[in-house]
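Numbering (our numbering), first residue to last: 370 to 563.
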């Protein structure tokens, strides 16, 4: 919850006045409206430094992987639900369907968090590109960790694999890494302000 609250508080200045966070941000925010508002902001990438373009490319790859995961999960869920209602699932498939439903409750907010994080990073992409070499490399490495997570998630949630428990475990590990990096960034900001 720390990561979501922190990210959403950083997004607030860039949102229109019609979107405000009250109470629990995960429950209160309509993600589609939030992302539509944030994506309507213009991003200048013409004649940008290479570092900025590298970041934009990695963020685009992450969003493509998230989209693919969402499409796969929706398709599989629709198919399995029809089979469930028609009572045409075998025992093993029924258990797998129930595991999928449990994991979706965990995966969905994490994918939303990653999409909001991507949007925040796009807003600040020019400042990230101005960092010194070690800071930039650390930042790019963090983004590539998220990219690797989303690529693995595409594999685990594919209809051929159906590894829902592994996807949940992978997601928990990715959340720990995101929280660690965001915690370090927040600590550095607090030290710089004091």
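Cβ coordinates follow ideal geometry from the N, Cα and C atoms, glycine included.
| query | result |
| --- | --- |
| For residue 489, the first and last residue of its enclosing alpha helix (DSSP H) | 460–492 |
| Distance CB(residue 476)-CB(residue 526) smaller than 9 Å | yes |
| DSSP state of residue 500 mapped onto helix, strand, coil | coil |
| Validate contact between the segment 513–523 and the segment 420–433 using beta carbons, cut 8 Å, 3 pairs | yes |
| Start-to-end residues for the alpha helix (DSSP H) that takes in residue 435 | 419–454 |
| Inter-residue CB distance, residue 521 and residue 465 (contact presumed, cutoff 8 Å) | Wrong, their Cβ atoms sit about 19 Å apart, outside the cutoff. |
| Distance between residue 427 and residue 549 (C-alpha atoms, nearest Å) | 20 Å |
| Nonlocal neighbours in the same chain, by C-beta distance under 7 Å from residue 524, ignoring five residues either side | 530 |
| Sequence-distant residues of its chain with Cβ nearer than 7 Å to residue 425 (five each side left out) | 414, 494 |
| Three-state secondary structure (DSSP) of residue 549 | helix |
| Inter-residue Cα distance where the pair is residue 470 and residue 540 | 15 Å |
| Inter-residue Cα distance where the pair is residue 462 and residue 490 | 40 Å |
| 9 Å Cβ cutoff met for residue 511 and residue 546 | yes |
| Nearest candidate by alpha-carbon position, reference residue 436, set 454, 449, 551, 479 | 479 |
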